[in-house]
Amino acid sequence: MNKENIKAHKFGMVIDLDKCTGCGSCMVSCMSENNVPFKEDESNKKDSITWMRVYKLTNGKSFPDTEIVYLPRPCQHCGGKGDHGHSPCVSVCPATATDYGYDTGIVSQIYTRCFGCRYCMGACPYHARYFNWWDPKWPEGMEKYLSPNVSPRMRGVVEKCSFCYHRYQAARDKAYYDGREDIEENEYQTACTTACPAGAIVFGDLNNPAHRVHEIVKPDPHPASNNPNVVGKSRNPNVFRLLERLGTNPKVYYLSEREWVRKAGDNYLEGEWDKIKNHHGSESHG
Amino acid sequence: MDSALIPEGANRCSFPKFAVGIAIVGAVVLWGVYAMGLIWWKGLNQTNMNDYYGFALWIWADLAVIAVGGGAFFTGLLKYIFKVDELKNIINFAVIIGFICYSSALLILAIDIGQPLRGWFIFWHANVHSMLTEVAFCLSCYFAVLTIEFIPNILENRQANKVPFFHHLAHNMHGVMAVFAATGAFLSFFHQGSLGGVAGVMYGRPFAVREGLLIWPWTFFLFTWSAAAFGPCFTLLVTRITEAVTGKKLVKDNVVHLLSKISGWMIITYIIAKIIDTIYWATVTVPGLGFNISHFYSNNGFYGYWILVTEILVCGVIPGLILIMKSTRENPTLRLIAIVLGVIGVCLNRWVMVLQIMAIPVLSFDTWALYVPSWQEVATTVLPVAYGIILIAVTYRYLPVFPQEKELNRTKPVTE
Numbered sequence: 564m565n566k567e568n569i570k571a572h573k574f575g576m577v578i579d580l581d582k583c584t585g586c587g588s589c590m591v592s593c594m595s596e597n598n599v600p601f602k603e604d605e606s607n608k609k610d611s612i613t614w615m616r617v618y619k620l621t622n623g624k625s626f627p628d629t630e631i632v633y634l635p636r637p638c639q640h641c642g643g644k645g646d647h648g649h650s651p652c653v654s655v656c657p658a659t660a661t662d663y664g665y666d667t668g669i670v671s672q673i674y675t676r677c678f679g680c681r682y683c684m685g686a687c688p689y690h691a692r693y694f695n696w697w698d699p700k701w702p703e704g705m706e707k708y709l710s711p712n713v714s715p716r717m718r719g720v721v722e723k724c725s726f727c728y729h730r731y732q733a734a735r736d737k738a739y740y741d742g743r744e745d746i747e748e749n750e751y752q753t754a755c756t757t758a759c760p761a762g763a764i765v766f767g768d769l770n771n772p773a774h775r776v777h778e779i780v781k782p783d784p785h786p787a788s789n790n791p792n793v794v795g796k797s798r799n800p801n802v803f804r805l806l807e808r809l810g811t812n813p814k815v816y817y818l819s820e821r822e823w824v825r826k827a828g829d830n831y832l833e834g835e836w837d838k839i840k841n842h843h844g845s846e847s848h849g
Numbered sequence: 216m217d218s219a220l221i222p223e224g225a226n227r228c229s230f231p232k233f234a235v236g237i238a239i240v241g242a243v244v245l246w247g248v249y250a251m252g253l254i255w256w257k258g259l260n261q262t263n264m265n266d267y268y269g270f271a272l273w274i275w276a277d278l279a280v281i282a283v284g285g286g287a288f289f290t291g292l293l294k295y296i297f298k299v300d301e302l303k304n305i306i307n308f309a310v311i312i313g314f315i316c317y318s319s320a321l322l323i324l325a326i327d328i329g330q331p332l333r334g335w336f337i338f339w340h341a342n343v344h345s346m347l348t349e350v351a352f353c354l355s356c357y358f359a360v361l362t363i364e365f366i367p368n369i370l371e372n373r374q375a376n377k378v379p380f381f382h383h384l385a386h387n388m389h390g391v392m393a394v395f396a397a398t399g400a401f402l403s404f405f406h407q408g409s410l411g412g413v414a415g416v417m418y419g420r421p422f423a424v425r426e427g428l429l430i431w432p433w434t435f436f437l438f439t440w441s442a443a444a445f446g447p448c449f450t451l452l453v454t455r456i457t458e459a460v461t462g463k464k465l466v467k468d469n470v471v472h473l474l475s476k477i478s479g480w481m482i483i484t485y486i487i488a489k490i491i492d493t494i495y496w497a498t499v500t501v502p503g504l505g506f507n508i509s510h511f512y513s514n515n516g517f518y519g520y521w522i523l524v525t526e527i528l529v530c531g532v533i534p535g536l537i538l539i540m541k542s543t544r545e546n547p548t549l550r551l552i553a554i555v556l557g558v559i560g561v562c563l564n565r566w567v568m569v570l571q572i573m574a575i576p577v578l579s580f581d582t583w584a585l586y587v588p589s590w591q592e593v594a595t596t597v598l599p600v601a602y603g604i605i606l607i608a609v610t611y612r613y614l615p616v617f618p619q620e621k622e623l624n625r626t627k628p629v630t631e
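Chains A and B, in that order, are what the protein sequence lines are.
For what it's worth, the working numbering labels the leading residue of the first sequence as 564, then goes sequentially.
For what it's worth, the working numbering labels the leading residue of the second sequence as 216, then goes sequentially.
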């Protein structure tokens with residue numbers, strides 16, 4: 564591994580939607596790993612906390628042409644316009660309670676500094692940020708099973724997926740102890756990645772050509788020719804990002820061979836998709 | 216009973232009648248305070264906000280009171296900097312209304328945040344890139360300026376003014392008020408603007424995002440302009456309501472006509488800019504992001520094109536035209552219609568720029584999210600209104616708020 568990669572990681576993931584079965588293991592493992600609180604009645608999804616949320620999409624066609632896809636949505640860890648680190652949420656937080664790690668590409672959330680204005684939630688188009696409307700309550704005895712590596716959050720603050728940052732810290736500590744300068748690909752994997760029984764989630768360093776995520780995504784480090792705000796566009800024609808046109812530059816990529824699924828990743832004017840689809844992926848980059 | 220406190224030569228209702236009025240409105244205040252207590256004690260789960268509606272009724276109320284409170288800075292700017300001397304007859308009241316609006320805004324913010332005891336983090340850990348940081352600094356500083364502008368009026372109370380120190384302090388503060396008016400106008404420009412910027416910089420929300428000048432999106436300038444335009448409408452409306460409640464003429468027609476005329480021209484110029492902004496946004500900005508304008512006004516049970524037409528045409532163009540034409544401006548009924556429409560218009564604009572943004576789906580597979588506030592949210596939103604009524608009642612009763620009152624009501628019999 565060369566020095567440049569050691570200096571600037573850019574952790575990200577690619578989720579193969581054609582492999583995802585919608586089983587929800589990623590959601591469960593995420594909640595368990597990160598001490599995500601839950602309510603007695605979780606039927607109102609608009610105030611439930613799900614760092615990883617699985618959406619169900621259909622192609623809108625009637626039987627027998629109906630197709631369904633499940634789309635897991637963690638925090639997209641946006642790099643912001645031009646990938647300069649001014650993510651939609653980071654740039655608006657008035658108290659610097661959410662920050663962009665230029666060494667990892669991870670968008671952090673500092674719970675003890677957040678005062679609960681919720682501007683970041685309004686700014687995030689992915690609804691990846693959640694507010695603690697209640698104090699966390701664990702069924703009796705369950706508090707003994709909480710992860711000691713992740714602090715539970717109090718009422719009145721915002722929380723979100725951290726790409727299991729504590730696992731990164733642990734891996735880094737181990738590498739330091741072993742006298743190594745950097746961590747290996749398999750030493751830092753998110754809980755959702757390891758829990759997915761279908762192996763649909765691939766996580767790693769998008770800056771490291773040796774990592775699988777880089778091999779699949781083939782991110783273009785140059786700004787897109789038709790939108791200078793977009794950087795890191797995939798050169799794989801089957802890979803896309805959610806709402807890429809907004810210039811948020813997420814580090815979560817999705818993979819599907821189905822055209823309607825790729826189209827669902829963004830918004831297009833009538834007839835626009837047919838013109839644009841050929842500009843996606845490798846074809847647009849020569 | 217309290218006649219020694221009432222301005223000399225002014226007619227006021229009996230104290231029991233005043234006390235009953237205050238008690239009725241005070242009951243509403245208590246209702247709001249109870250709701251506020253519940254929210255502080257139990258948390259924001261007392262509201263109907265959710266993860267789609269992080270910003271809701273309170274943020275709208277916050278933006279709306281600051282917009283209509285814009286009459287204070289703009290009237291002060293006209294009076295002290297542009298030397299429009301006739302406005303000295305309404306400036307005290309404009310300042311009091313501004314004081315009520317800004318103190319209400321601060322109170323609402325204190326209720327709205329999830330961790331009220333950490334409210335000071337916005338100053339301590341300030342993120343200079345955030346429009347909300349700019350809002351917090353300018354809003355707090357401008358509230359201090361408004362307090363300074365309000366103090367001389369308080370010191371002119373009949374009893375306070377007998378104290379030589381207070382008398383001279385009030386006199387000297389009046390003398391240097393131009394400095395504070397200029398400071399207030401400067402601060403207001405930025406906090407009204409940054410409130411507009413709060414929406415305009417959200418580039419993940421196509422309905423809100425705007426291009427702009429340097430770091431400021433166009434909404435920054437539109438919010439400042441609209442506050443200066445519609446703020447005086449609110450000052451005039453509250454003056455008219457106060458006149459109706461007291462049964463007295465408090466401000467001469469020439470002052471009202473002048474402020475109406477200035478407001479009218481501000482509205483017309485603002486609404487032209489707003490129309491240009493809307494056309495550019497609808498035809499260039501959002502299509503570039505893959506959206507048709509119809510996406511923002513269809514497929515839901517509430518937000519249709521009616522809201523755009525009402526805001527721009529009914530509550531923008533129409534009041535603007537009424538107020539710039541002498542014949543319609545000087546017709547009391549038409550003028551009242553215009554200022555009411557103007558106030559509704561700016562409040563509607565703030566609603567759209569807060570709640571409609573939250574309601575619209577951005578992900579292609581998401582759906583509209585509508586929301587109805589809880590009674591606790593309503594009570595705490597009504598609270599500042601009730602508090603404002605009480606403060607106006609008390610200041611009107613005990614302070615010489617309207618310099619022309621005595622002259623305009625000289626022949627009226629004393630009721631007390």
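For every residue, glycine included, the Cβ atom is placed at its ideal position computed from N, Cα and C.
*Compare the C-beta of residue 651/A against all C-beta atoms of chain B and say whether one is closer than 8 Å.*
yes
*Please go through the region 322 to 381 of chain B and give each complete alpha helix (DSSP H) segment of 4 or more residues, from N-terminal end onward.*
336 to 339, 346 to 370
_Quick check: the Cα distance between residue 382/B and residue 347/B, rounded to an integer number of angstroms?_
39 Å
*Between the region 712 to 737 of chain A and chain B, which residues of the former have CB atoms less than 9 Å from a CB of the latter, in chain order?*
717, 718, 719, 720, 721
*asked:* Once the 5 residues before and after residue 688/A are set aside, which same chain residues still bring their CB inside 8 Å of it?
replied: 651, 806, 809, 811
*Taking the alpha carbon of residue 733/A as the point to measure from, which residue in 577/A, 591/A, 814/A, 713/A has its own alpha carbon closest?*
713/A
_Coil, strand or helix - residue 722/A by DSSP_ = strand
*asked:* In this structure, how does DSSP classify residue 707/A when only helix, strand and coil are distinguished?
replied: helix
*Closer than 8 Å by C-beta to residue 254/B: which residues in its own chain qualify, once you throw out the five before and the five after it? Chain order, please.*
261, 262, 326, 591, 595
*Taking only beta carbons into account, state which residues of the region 499 to 525 of chain B come closer than 9 Å to chain A, listed in chain order.*
502, 503, 504, 505, 506, 507, 510
*So what's residue 787/A in DSSP terms, helix, strand or just coil?*
strand
*Close-in-space but distant-in-sequence residues of the same chain around residue 597/B (CB under 8 Å, 5 per side omitted)*: 243, 246, 247
*From the beta carbon of residue 336/B, is the nearest beta carbon of chain A less than 8 Å away?*
yes
*In terms of residues, what are the limits of the beta strand (DSSP E) holding residue 671/A?*
670 to 672
*asked:* In the DSSP assignment, the alpha helix (DSSP H) including residue 454/B goes from what residue to what residue?
replied: 433 to 461
*When you compare each of 607/A, 618/A, 614/A, 604/A to residue 580/A by their alpha carbons, which one comes out closest?*
618/A
*For the candidate residues 269/B, 241/B, 293/B, whose alpha-carbon lies nearest to that of residue 475/B?*
293/B
_Between residue 486/B and residue 531/B, how many whole angstroms is the CB-CB distance? I'm expecting something under 8 Å._
4 Å
_Inter-residue Cα distance where the pair is residue 456/B and residue 549/B_ = 15 Å
*Which residue comes first and which comes last in the alpha helix (DSSP H) that contains residue 535/B?*
533 to 539
*Step through the CB atoms of chain A and report whether any lies within less than 8 Å of the CB of residue 347/B.*
yes
_Candidates 619/B, 607/B, 566/B: closest to residue 311/B by CA position_ = 607/B
*Among the residues of its own chain, which have a CB less than 6 Å from the CB of residue 750/A, if the five just before and after it don't count?*
734
*In the structure shown, what three-state DSSP assignment does residue 825/A receive?*
helix
*Contact belief for residue 286/B with residue 400/B at Cβ below 8 Å, rounded distance in angstroms*: Not really, about 12 Å apart at Cβ, beyond 8 Å.
*Compare the C-beta of residue 610/A with all C-beta atoms of chain B and state if any pair is closer than 8 Å.*
yes
*Collapsed DSSP secondary structure at residue 635/A in the structure displayed*: strand
_8 Å is my cut-off, CB to CB: does residue 285/B come that close to chain A?_
no
*asked:* For residue 621/A, list the residues DSSP reports as bridge partners.
replied: 631/A
*Taking contact to mean at least 3 C-beta pairs separated by less than 8 Å, is the region 775 to 783 of chain A in contact with the region 601 to 617 of chain A?*
no
*Straight-line gap, residue 845/A to residue 790/A (C-alpha atoms, nearest Å)*: Confidence is the limiting factor: at residue 845/A the pLDDT is only 40, short of 50, which leaves the residue's position unreliable and the question unanswerable from this model.
_C-alpha distance - residue 587/B paired with residue 272/B, whole-angstrom precision_ = 9 Å
*Can you check whether the CB of residue 361/B is closer than 8 Å to the CB of residue 408/B?*
no
*Is the CB-CB distance between residue 466/B and residue 305/B below 8 Å?*
yes
*Report the three-state DSSP secondary structure of residue 739/A (helix, strand or coil).*
helix
*Confirm, please, whether the CB-CB distance from residue 691/A to residue 644/A is below 8 Å.*
no
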